[in-house]
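Peer 1: Residue numbers (the working numbering), protein chains in the order written: chain D, 1 to 110; chain C, 1 to 119. Heads up, the beta-carbon is just placed ideally off N, CA and C, and yes, glycines get one too. Mind having a look at this structure? Questions to follow.
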Amino acid sequence: QSALTQPASVSGSPGQSITISCSGTSSDIGSNNAVSWYQQHPGKAPKLIIYEVTKWPSGVSNRFSGAKSGNTASLTISGLQAEDEADYYCCSHAGIRHWVFGGGTKLTVL
Amino acid sequence: QVQLVESGGGVVQPGGSLRLSCVASGFSVTNYAMHWVRQAPGKGLEWVAFIRYDGTLTYHADSVKGRFTIFRDDSKNTLYLQLSSLRGDDTAMYYCAKEDYPANPFDLWGRGTLVTVSP
Chain D
1 QSALTQPASV
11 SGSPGQSITI
21 SCSGTSSDIG
31 SNNAVSWYQQ
41 HPGKAPKLII
51 YEVTKWPSGV
61 SNRFSGAKSG
71 NTASLTISGL
81 QAEDEADYYC
91 CSHAGIRHWV
101 FGGGTKLTVL
Chain C
1 QVQLVESGGG
11 VVQPGGSLRL
21 SCVASGFSVT
31 NYAMHWVRQA
41 PGKGLEWVAF
51 IRYDGTLTYH
61 ADSVKGRFTI
71 FRDDSKNTLY
81 LQLSSLRGDD
91 TAMYYCAKED
101 YPANPFDLWG
111 RGTLVTVSP
């Protein structure tokens, strides 16, 4: 199973909005709504920020939002803050009880 | 407090074996599916293995199938990953993760345990 495709890096200034894309296939993103996003700060464990394409876990800011169209999912972060600087990973269910992650995107807050 | 704590990592020679543990607190592993996910140094996340809430069904990624085995001990509320025939590309931080339901597969993560495969 190939990894989902994400841009290696994105950047934005405080207060701006950025969008990270996550490209898959009809066998993963295109076939289900089990798309999730994770934030990982250096040296830390990943943290769930979006699940089931658009839902927020308790305690996660609504500045994070998710969407999906066809075989591509996206994560938008609005009102960028310095604390948002981290790596972001998308993930999709990809067959019977198999999951695939994206390669990760490094977000830099300028 | 709901948390996961991994242990058992270390340095092992190629071809060697290791058993990783993940102790769950604040919930019962018999009520939730659980996963192992790994991350090679400086690389992205890779799903490794899954065990269903009732412990009767497991799946492993093709990259580890036949070499790694996920299982659990309900009496200890602990998840395990048995690693064997280890290779250099198995070097990674290994995380256990709890699944809320299939569309929300990794809603809680542990801090991870590092496995280094080196001669």
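Return the Cβ separation of Val117 (chain C) and Arg87 (chain C) in integer angstroms, given the expectation that the two are a contact with Cβ distance under 8 Å.
Peer 2: 6 Å
Peer 1: Counting beta carbon pairs with one atom in the region 69-86 of chain C and one in the region 16-26 of chain C, are three or more of them shorter than 8 Å?
Peer 2: The region 16-26 of chain C is in contact with the region 69-86 of chain C.
Peer 1: Report all residues from its chain with a CB closer than 8 Å to the CB of Thr91 (chain C); omit the five preceding and five following residues, and keep chain order.
Peer 2: Ala40, Pro41, Val115, Thr116, Val117 and Ser118
Peer 1: Between D:Cys91, D:Cys90 and D:Ile49, which lies nearest to Asn172 (chain D) when the distance is taken from Cα to Cα?
Peer 2: Nothing about residue 172 (chain D) can be read from this structure; chain D reaches only from 1 to 110.
Peer 1: In whole angstroms, what is the alpha-carbon distance linking Lys47 (chain D) and Val60 (chain D)?
Peer 2: Lys47 (chain D) and Val60 (chain D) have their C-alpha atoms roughly 10 Å apart.
Peer 1: Rounded to the nearest angstrom, how far is the Cβ of Ser74 (chain D) from that of Ala67 (chain D), given a contact under 8 Å?
Peer 2: 5 Å
Peer 1: Please list the terminal residues of the continuous beta strand (DSSP E) segment that includes Asp87 (chain D).
Peer 2: Ala86 to His93
Peer 1: Using three-state DSSP, classify Ser28 (chain C) as helix, strand or coil.
Peer 2: coil
Peer 1: Counting only Cβ-Cβ distances shorter than 7 Å, please list the residues of the region 91-112 of chain C near chain D, keeping chain order.
Peer 2: Tyr95, Pro102, Ala103, Asn104, Pro105, Phe106, Asp107, Trp109, Gly110, Arg111 and Gly112
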